[in-house]
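Colleague:
Chains as they are written, first to last, in the working numbering: chain C, 285 to 515; chain E, 297 to 806.
This is how it looks when you write it as structure tokens:
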């Protein structure tokens, strides 16, 4: 994979982010930059802090010290105001390891919810966009299914569609291959590269080495709450 | 007539006869040999002067003219009087099932008691009299003056039947009470425009409640009797002999004079009885003709419209109360999940207070306790009482359901840019509602039945109407079956609707 030199603009910057949980440091001064169009893969053993890093970037984990900037919106250690957090969340989407699709809503409504209520898009336009996304991701035939009726791979593609529906410049993915077989992993890898070609930036946390090699433009190592460039 | 102020009451008075209390009374009781047979007599001493009451000087001893008549009968029979406490409305049924030999507690002489039970000869004649506020003394003199006005009395009595007939004839509203105190206090407060009760009660109540007058003309005339089971005809005959002898030799007159209730109405009654002339159970009102010799089925046909009306009250009250309880419950639960420390503490206090105190107490406080400050109409007080109580239970269901929604669902909503309010209304709330639906349905059915409690606030709902029906025909079989059928007709569709809703929420239609 190529390095980050082909792109220039930094869209995600973490500077000395520190977070303790029950007195134990989970993030111990994490710092890294991600440039626009990159697919950065965070690798590390379980418990190394990968998931916490992603959750911190999307403001689900308050951190004590340091700064996170996403597309010009800055979060600071010690907490940030609600409007700032909501501004930031317009810039960054998240696909969770266990997807967390809204259990009470059909697939189409899962994807339409945020465009209609957070972005105030007219419902017809939101639905049109959602159907197009589902088609792109190959799950449009499941538009009327409930989350519990989906396979692991389908659920993941719906979760990606839901995150992309609000068109964030940055997409975070936590352990995306956890529920996929080998063929699906290859498909996912191709899909992610296609997303990047649409001028989007990806940060992916995984401990799946082959998937990381096949997908990443750059791999970062996370251990003991610190991020290092791959040697 | 029922004269007590009761705090506790369940829908079916039969429940009371299960918890009987018995103890010997009277000065001679302790001195009798243990082998002497007892005369078990049933009465209700709660607030029962001058009929049956605990002696003010010694609460362990019962006094009253019915106590003395029971002692007289026992003495003449060579037995020891033993008092059995039974709630007034259950005395007939209690006698029928053999809990006591005779009921003596200011019990009205009615056609039903004469036909279904063995009633003694009448031993006291009373007059149904109208009481009105002092200011209305001139303009509200007879029932026909009460068009568009509210008149209260005890439910399940002939006075109530008279008022029901007057409802149709004169356009007044009959209001049923469970005791003889609150009609008079509500009259003075302005919740009622008149009270129809017997003169013994009306005069007795004047000693503690002021602001009303008793109209001189009586609406009807009735009598008190002793009631025995239908199989106890022999004992009834013996009791009749004793009562007639008491009339003849002046013993009854002495008893009634002692209690200050002897008057000119008694000598003609006694003269008729001693001459062997028949005495009607009631005179002075057309209603008596209707009630005499009426069969259970014709009474059922007569009562069915009022049972239906009472069912509508039950249903409307339950639906409104549940709607309000759900709304309040959602607000309380949201406050407890999202609110600050102070709000959470206040709401927790509210929930514990409502769950930790009896709903009957809450209803009484709302209706009677607050009457000096806020005079709530009975229906509104009933609605508020049920809603405020059930809101506490509902809020606990919703709080549990809100907390049961997985955090991942909420976080997914937040990362999509939804506000906390949107996360609550679009994700957490709907998912919690699915979890809360089965216990909510359960509560709705429970509320439908608990609504019978509001009859203590004079709201005529289904159970109360049934009780009145049963008392007047002297049997629970037909009224009880009709009442159960009506409750089921309301609760079964509710359960079916809830099942359909649950199904729908599990699997949305395509």
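Think of the CB as a built atom: it goes at the ideal place given N, C-alpha and C, for glycine as much as any other residue. All of these numbers come straight from a predicted model, not from anything done at the bench.
Leaving out five residues before and five after residue 700 of chain E in sequence, what residues of the same chain have Cβ atoms less than 6 Å from its Cβ?
Modeller: 731, listed in sequence order.
Colleague: Give a yes or no on contact between the region 510-524 of chain E and the region 449-460 of chain E, applying the rule of three or more CB pairs nearer than 8 Å.
Modeller: Segments in contact, yes.
Colleague: Provide the residue span of the beta strand (DSSP E) that contains residue 422 of chain E, from first to last.
Modeller: First-last of the beta strand (DSSP E) with residue 422 of chain E: 420-429.
Colleague: Hey, does residue 326 of chain C have any beta-carbon neighbour from chain E nearer than 8 Å?
Modeller: Not an interface residue.
Colleague: Residue 726 of chain E touches chain C at which residues, Cβ-Cβ below 8 Å?
Modeller: What residue 726 of chain E touches in chain C: 388.
Colleague: Going by C-alpha to C-alpha distance, which of E:571, E:638, E:395 sits closest to residue 386 of chain E?
Modeller: Checked all of E:571, E:638, E:395; the closest Cα to residue 386 of chain E is E:395.
Colleague: Listed from N- to C-terminal order along the chain, which residues in the region 397-430 of chain C have their beta-carbon within a distance smaller than 8 Å of any beta-carbon of chain E?
Modeller: Those residues of the region 397-430 of chain C that come within reach of chain E (Cβ to Cβ, closer than 8 Å) are 397, 398, 401, 402, 403, 428, 430.
Colleague: Taking only three categories from DSSP, how would you classify residue 309 of chain E?
Modeller: With a pLDDT of only 35 at residue 309 of chain E, under the threshold of 50, the placement of this residue in the model should not be trusted; the figure read from the coordinates follows. The answer is coil: DSSP assigns residue 309 of chain E none of H, G, I, E or B.
Colleague: Which of the three DSSP states is assigned to residue 360 of chain C in this structure?
Modeller: Three-state DSSP puts residue 360 of chain C in a strand.
Colleague: With three or more beta-carbon pairs closer than 8 Å as the criterion, would you say the region 776-785 of chain E touches the region 671-691 of chain E?
Modeller: Contact fails: fewer than three Cβ-Cβ distances are below 8 Å.
Colleague: Would you say residue 394 of chain E faces chain C, with C-beta separation under 8 Å as the test?
Modeller: Taking Cβ atoms only, chain C never reaches closer than 8 Å to residue 394 of chain E, which makes this a no.
Colleague: If you measure from the beta carbon of residue 723 of chain E to each beta carbon in chain A, is any gap under 8 Å?
Modeller: Given the protein chain composition of this structure (C and E), no chain A is represented.
Colleague: Does any residue of chain E have a CB that is nearer than 8 Å to the CB of residue 342 of chain C?
Modeller: Closer than 8 Å to some Cβ of chain E, the Cβ of residue 342 of chain C qualifies, so yes.
Colleague: How big is the Cα-Cα spacing for residue 337 of chain C and residue 318 of chain C?
Modeller: Whole-angstrom Cα-Cα distance: 13 Å.
Colleague: Please report the residue range of the beta strand (DSSP E) in which residue 317 of chain C lies.
Modeller: First-last of the beta strand (DSSP E) with residue 317 of chain C: 308-319.
Colleague: State the Cα-Cα distance for the pair residue 797 of chain E and residue 402 of chain C, rounded to the nearest angstrom.
Modeller: Cα-Cα distance, rounded: 29 Å.
Colleague: Are any of the Cβ atoms in chain C nearer than 8 Å to that of residue 465 of chain E?
Modeller: False, the Cβ-Cβ gap to chain C never drops below 8 Å.
Colleague: Of the residues E:704, E:697, E:667, E:598, which one's Cα is nearest the Cα of residue 633 of chain E?
Modeller: Ranking E:704, E:697, E:667, E:598 by Cα distance to residue 633 of chain E puts E:697 first.
Colleague: Using a C-beta cutoff of 8 Å, does residue 457 of chain C count as contacting chain E?
Modeller: It does not: the Cβ of residue 457 of chain C has no partner Cβ on chain E nearer than 8 Å.
Colleague: Whose C-beta lies closer than 8 Å to the C-beta of residue 547 of chain E among residues of the same chain, with five residues either side of it excluded?
Modeller: Here the set comprises 368, 541.
Colleague: Starting from residue 736 of chain E, follow the alpha helix (DSSP H) in both directions and report where the run begins and ends.
Modeller: Per DSSP, residue 736 of chain E belongs to the alpha helix (DSSP H) from 725-746.
Colleague: Taking the DSSP output, what are the residues bridged to residue 537 of chain E?
Modeller: In the DSSP output, where bridge partners are listed per residue, residue 537 of chain E has none listed.
Colleague: In the DSSP assignment, find the unbroken beta strand (DSSP E) run with residue 327 of chain C in it and report its ends.
Modeller: Its beta strand (DSSP E) spans residues 323-327.
Colleague: Out of curiosity, what's the CA-to-CA distance linking residue 504 of chain E and residue 735 of chain E?
Modeller: About 47 Å.
Colleague: Which ranges would you report for the beta strand (DSSP E) in the region 374-451 of chain C if only whole runs of at least 3 residues count?
Modeller: Complete beta strand (DSSP E) runs here, min 3: 376-379.
Colleague: Can you pull out the residues from the region 609-623 of chain E whose beta carbon lies closer than 8 Å to at least one beta carbon of chain C?
Modeller: For the region 609-623 of chain E, which is checked against every Cβ of chain C, not one residue is closer than 8 Å.
Colleague: In the region 501-535 of chain E, which residue ranges form an unbroken beta strand (DSSP E) of at least 3 residues, counting only runs that do not cross its ends?
Modeller: Here the runs fully enclosed are 508-524.
Colleague: Please report how far the alpha carbon of residue 376 of chain C lies from the alpha carbon of residue 399 of chain C, in whole angstroms.
Modeller: So the alpha carbons of these two residues sit roughly 14 Å apart.
Colleague: Helix or strand or just coil, what does DSSP make of residue 599 of chain E?
Modeller: It is helical.
Colleague: Listed from N- to C-terminal order along the chain, which residues in the region 374-387 of chain C have their beta-carbon within a distance smaller than 9 Å of any beta-carbon of chain E?
Modeller: Per Cβ criterion, the list reads 374, 376, 377, 378, 380, 382, 383, 384, 385, 386, 387.
Colleague: Can you name the residues that DSSP bridges to residue 470 of chain E?
Modeller: Answer is E:447.
Colleague: Within 8 Å of any Cβ in chain E, is that where the Cβ of residue 305 of chain C sits?
Modeller: So, not an interface residue.
Colleague: Please go through the same chain and pick out, in chain order, the residues whose beta-carbon is closer than 7 Å to the beta-carbon of residue 626 of chain E, but skip the five residues on each side of it.
Modeller: Correct list, in chain order: 694.
Colleague: With a threshold of 6 Å on Cβ separation, who are the neighbours of residue 766 of chain E within its own chain once the five nearest residues in sequence on each side are excluded?
Modeller: Result list for residue 766 of chain E: 772, 775, in chain order.
Colleague: Please list, in chain order, all residues of the same chain as residue 410 of chain E whose beta carbon is under 7 Å from its beta carbon, the five residues on each side excluded.
Modeller: Excluding positions up to five away in sequence, the list reads 577.
Colleague: Could you give the DSSP three-state label for residue 761 of chain E: helix, strand or coil?
Modeller: It is helical.
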